[in-house]
Each structure stands twice: as C-alpha cells, then as structure tokens.
Amino acid sequence: MRALVLFGVVVGALVALLWARPSMVPGGEAPRLTYLTTAHQLGVVGYRDPIGVISPDATRLAYTEGRHIRVLPIAGGVPRTLPAGEGQIRYLA
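Rendered as structure tokens:
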C-alpha cells in the first residue's frame, strides 16, 4: 500500500513539473513578462503592500517599499533608491 501511495506521489510530482515548465513561443523566444495584478493586504499589515515592475528593456526591476521606490539591475548589483514620496507608493507604471 505504501509503495502505491509513493508511486502516486512521484507520478503526480512529475506531471506537475512537466505542466509548470515554461513554454516557448514559436520562433524560440521566451514569452514576455506581463503585469498581472496588485496584491492588497487588508488590516494592520496593509501598509506593506509591495509592487514591482520590470522595465520594457528587461534590464531593471523597480519595486516599492513603503514610501520608497528602489530600482535594481536584473543582472545583479546594488539597488538605487529614489527620494521618498509623500505617502505610501501603491502603483508603478
């Protein structure tokens, strides 16, 4: 019985790995990243809502942290912090 359950778990994991792997679009190019949604937390932790966007040339990631916007090179490096805003930053374009 245990062997059957273990076999089912292994098969399920393999199916999940094959289903979740990134697919290639015709022409061999990786799919473009797209903004999906903003995550809002209700209650006392709502002030920590993060948001992040990738630059159109895919070289930088901009994300918010409270009243600050930080810009990080995707290839790695030190984030650049922009001056603090008047209030919490909830949207980036």
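Per the numbering used here, residue 6 is the first one in the sequence shown, and the count goes up by one each step.
All residues carry an ideal CB built from backbone N, CA and C; glycine is no exception.
If you're wondering where the values come from, they're calculated on a predicted model, not measured in any experiment.
Fill in: Alpha carbon of L11 to alpha carbon of L19, nearest angstrom
Cα-Cα distance, rounded: 12 Å.
Item to complete: Return the CA-CA distance between D62 and I56, expressed in angstroms with no decimal places.
Response: Rounded to the nearest angstrom, the two C-alpha atoms are 19 Å apart.
Worksheet entry | Same chain only: Cβ atoms within 6 Å of P84, ignoring 5 sequence neighbours per side | R75 and L77.
Worksheet item: Helix, strand or coil: how does DSSP classify A18 here?
Response: A18 sits in a helix when the DSSP states are folded into three classes.
Worksheet entry | Bridge partner(s) assigned by DSSP for G57 | Bridge partners of G57: Y68.
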